[in-house]
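What the sequence shown shows, in my numbering, is residues 11 to 683, in sequence order.
Working notes, structure below.
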Amino acid sequence: MAVETGGQAQHRRDIDGLRAIAVLAIVAYHAVPGWVRGGFVGVDVFFVISGFLITGIIARGRDEGRFSYRGFYLRRARRIVPAYLVALAATAAAALAILLPQALAPVGWALSASGLFLTNVLGLFSFGYFAPGSQTNPLLHLWSLGVEEQFYLVWPLLVALLSIGVLRRARAGVAVVLMLALLALAQVLVAGGRETFAFFMLPTRAWEFLMGGVLALGLAPPPRGPAAANLAGGLGLALILGSVALLSDTAPFPGLTALPACLGTALVIWSGLSARPAATGVLESRPVVGIGLISYSFYLWHWPVLVLARAALQRDLAPAEALGLAAVSAGLAWLSWRFVEQPWRGRPMPQAPGRALALTLSPLLLFVALGGLILATGGLPQRLSPAVRRAAAFAGTDINPRRVECFTQIKGVAPVGCRYGAAPNATDYDVLVWGDSHADAITPGVVAWAQAKGWSVREATHGGCPPLVDARTTRVRFGALPGCAESNRQALAEIAQDPKLKLIVLSARWPIYNGDAPKYDPHNPPIRMFDAGAAGDRIYPLDEALRRTLATLAATGTKAQILLVGPVPELTFSPPDCIAMARHLGGAEQRCWDAPARLPMIRARAAEAEIAAALARAPEVKPVYPAQRLCARQTCVTVLQRKILYFDADHLSATGARMLVPGWLDDALAGRP
């Protein structure tokens, strides 16, 4: 990398070293997040470096009257696009070869967005960068390049405006004011719960580029003497490394918590403006500079390699595996730097830069089209064998056959319909299944049990809505789930009005309502449950909610027996997807027949304890605890008699429900929980 200073080219090896620190922090965070908890701030370091380098190029070009927009964007395209295209092509090819349709479809969105440098905008509609679902996207990391390119669509125009006449003297000051205003905006949004917007979008990230930009605009003169340079360089490195070591993905980010890493980067850059301070000498060592030179390609390659390996194995990577793959990524990065980046950057500028720019950017449209094709076909299932397609489609086939009709996710439960063994408009029935999607999943088993007795069943299930009175559930960052109060009122009214009712089955994904979705679950945002009977946003503990619900049921005068189905184990993988992947890649299906029990049981036991505390005051309520029946000390069963018990990572399949639930009900009603 060559940086022009005072009209002469000067190689800043320390900036290469800063790039190395940034990319190593990011790669370590992604490979072994428990070891380097704050490594994600490497992106912020990159942003400050970029702001310093590119602002210097723009400002000097404007001041010397030689700046060309077409030339500027062509140079950026030559710097960014060739390696970007190669990494996109390789990632798309690997995803097509490895991923199942359900997992490939989101990659289609990401490919199209990446072709337009809009991956950060796509991230805005996710649960957030740190959410499990985002971590399965092999192109997630390209959000930062989207932010960077969007910044450089706007910033050259503003620098041009500020370079006119007397405005030039105020150029650095205006940049500082803008930087502080955008930092304040980021902090306000983060404090107000808008972290996803603040993380991914340009207005709340631009201040980081500007922190480097104000240095390039001459806001601060170079340090006077080695003492000042060493102090600034040493403090800057300490701030960067301290952020890497002390921050975590639970910190509100990227407001003021991002400031130390950005300020540290600016201090290191400033310390080297006029000297080579000893405090930052390590940054200029040959190995560190070497990593810095390949940092862009290293960043491009490491994330898809890690994500696609996890997808192929259907499990998390061991630290040794992740570090080995990081080393493979470094090798790919060197090849990309040597044979893609360097040849393109060394080409002479053409006479028609506008045409050359169009030719350089046009291949990106192929990925926009490929992403659209993947989306239009639902993940290109035609590329898979029939056996793989059957397993991959399990989540949409072995489910409650009346799920589309009876399970609601937006409006409340209808007062008629969804009767099994009775007329659709019947006003009475024998068994009520009341709860969320987990209740819908066990309904086929309840129906099989009831039909053997000649009883009728009513299903009242609503997504994200536990069968608890006064419960207001909210998806974190997405707002309240609609229709829950209406559904629960309807269920309570039917219970009060039905003298025929013999059994009420309460079922839900109990652990998720404590506001903490499992880190290993890629499909669900955390849900918080608030007390709708209290003012404000009062957290509604599960044991209290159950006690209040049981008291309300007793007040209806119902004579029905109440049976509560505890947590179904929330597995670390989807058994159907695991089996489909084994068939697809030629692995052994038997490894999918059980799942590690430790994490599922940690979650189940916490909810079971709250359920037991509530039922201690209601001995007439019969519990059954599926996690205790499906999990032993080490493993949880996922396949029984060669039948898959789950249709995803935490819902029983219809086959599994029919195999298991009748026995659970018999045992619970006989007093064997």
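Just so you know, even glycine gets a beta-carbon here, dropped at the ideal spot from N, CA and C.
Computed from a predicted structure; not experimentally measured.
Practice item. Give me the Cβ distance between phenylalanine 127 and glycine 156, rounded to the nearest whole Å; I'm assuming they're in contact under 8 Å. Key: 5 Å
Exercise for review: For tyrosine 656, write down the residues that DSSP places opposite it in a beta bridge.
Suggested key: Leu662
Point to revise | Rounded C-alpha distance that separates glycine 686 from arginine 325 | key: The question about residue 686 has no answer, for the chain in this structure spans 11 to 683.
**Study point:** Close-in-space but distant-in-sequence residues of the same chain around alanine 628 (CB under 6 Å, 5 per side omitted)
**Key:** Leu560
Check your understanding: Taking DSSP as the reference, what is the three-state secondary structure of glutamate 496?
Key -> helix
Practice item. Verify the contact flag: isoleucine 25, CB atom, against every heavy atom of the ligand MG, threshold strictly below 8 Å. Key: With respect to the ligand MG, the structure shown offers nothing to examine, as it has no ligands at all.
Check your understanding: From the DSSP output, which residues share a beta bridge with proline 606?
Key -> Thr645
Check your understanding: Which word fits valine 200, buried or exposed, when buried means at least 16 other C-beta atoms lie within 10 angstroms of its C-beta?
Key -> buried
Check your understanding: Expressed to the nearest angstrom, what Euclidean distance is found between the alpha-carbon atoms of tryptophan 520 and glycine 125?
Key -> 41 Å
Review point. Buried or exposed: where does glycine 17 fall if 16 or more other Cβ atoms within 10 Å of its Cβ makes it buried?
Key: Confidence is the limiting factor: at glycine 17 the pLDDT is only 36, short of 50, which leaves the residue's position unreliable, though a coordinate-based value still follows. With fewer than 16 other Cβ atoms within 10 Å, it is exposed.
Review point. Just how far apart, CA to CA, sit arginine 320 and tryptophan 313?
Key: 11 Å
Check your understanding: Is glutamate 158 helix, strand or coil by DSSP?
Key -> helix
Exercise for review: In angstroms with no decimal places, state the Cα-to-Cα distance between leucine 249 and threonine 418.
Suggested key: 50 Å
Review point. Mind checking glycine 302: buried by the 16 CB within 10 Å criterion, or exposed?
Key: buried
Review point. Can you give the beta carbon distance from alanine 586 to alanine 401, rounded, assuming they're within the 8 Å contact cut?
Key: This sequence places proline at residue 586; alanine is not what is there. The Cβ separation is near 5 Å, so the contact holds.
Review point. Does the beta-carbon distance from leucine 283 to proline 236 come in below 9 Å?
Key: no
Review point. Between which two residues does the beta strand (DSSP E) carrying valine 443 extend?
Key: 441–445
Point to revise | Contact between the segment 573–585 and the segment 509–524 (3+ Cβ pairs under 8 Å) | key: yes
Practice item. Within 10 angstroms of the Cβ of proline 454, are there 16 or more other Cβ atoms? Answer buried if so, exposed if not. Key: buried
Review point. Mind checking whether leucine 609 and valine 634 have CB atoms under 9 Å apart?
Key: no
Review point. Does the segment 253–263 come close enough to the segment 211–227 that 3 or more CB-CB pairs lie under 8 Å?
Key: no
Point to revise | Contacting residues, own chain, Cβ-Cβ under 6 Å from threonine 15 (five flanking each side not counted) | key: Confidence is the limiting factor: at threonine 15 the pLDDT is only 34, short of 50, which leaves the residue's position unreliable and the question unanswerable from this model.
Exercise for review: Kindly confirm or deny that the segment 395–409 and the segment 460–478 touch, where touching means at least three C-beta pairs closer than 8 Å.
Suggested key: no
Exercise for review: Verify whether the separation of the beta carbon atoms of glutamate 294 and glycine 44 is less than 9 Å.
Suggested key: no
Check your understanding: Mind checking whether leucine 655 and threonine 645 have CB atoms under 9 Å apart?
Key -> no
Exercise for review: Taking only the alpha-carbon atoms, compute the straight-line gap between phenylalanine 50 and alanine 340 and give it to the nearest angstrom.
Suggested key: 18 Å
Exercise for review: Using three-state DSSP, classify glutamine 507 as helix, strand or coil.
Suggested key: helix
Exercise for review: Apply the 10 Å Cβ neighbour rule to phenylalanine 349 and answer buried if 16 or more other Cβ atoms are within range, or exposed otherwise.
Suggested key: exposed
Review point. Who are the near neighbours of glutamate 351 in its chain, counting only those whose CB is closer than 6 Å to its CB and skipping five residues on each side?
Key: Ala93
Check your understanding: Exposed or buried, leucine 595, counting other C-beta atoms within 10 Å across all chains shown (16 or more means buried)?
Key -> exposed
Point to revise | Secondary structure of aspartate 259, DSSP reduced to three states | key: coil
Practice item. Tell me whether arginine 652 is buried or exposed, calling it buried when 16 or more other Cβ atoms sit within 10 Å of its Cβ. Key: exposed
Exercise for review: Would you kindly check if the distance between the Cβ of alanine 614 and the Cβ of proline 579 is under 9 Å?
Suggested key: yes
Review point. In this structure, does DSSP put threonine 582 in helix, strand or coil?
Key: coil
Exercise for review: Would you check if the segment 99–116 and the segment 366–385 touch, i.e. whether three or more CB-CB distances between them fall below 8 Å?
Suggested key: yes
**Study point:** Helix, strand or coil at glutamate 14 [DSSP, three-state]
**Key:** Caution applies to glutamate 14, whose pLDDT of 35 falls short of 50 and renders its modelled position unreliable; the value that the coordinates give is listed next. In this structure, glutamate 14 counts as strand in the three-state DSSP scheme.
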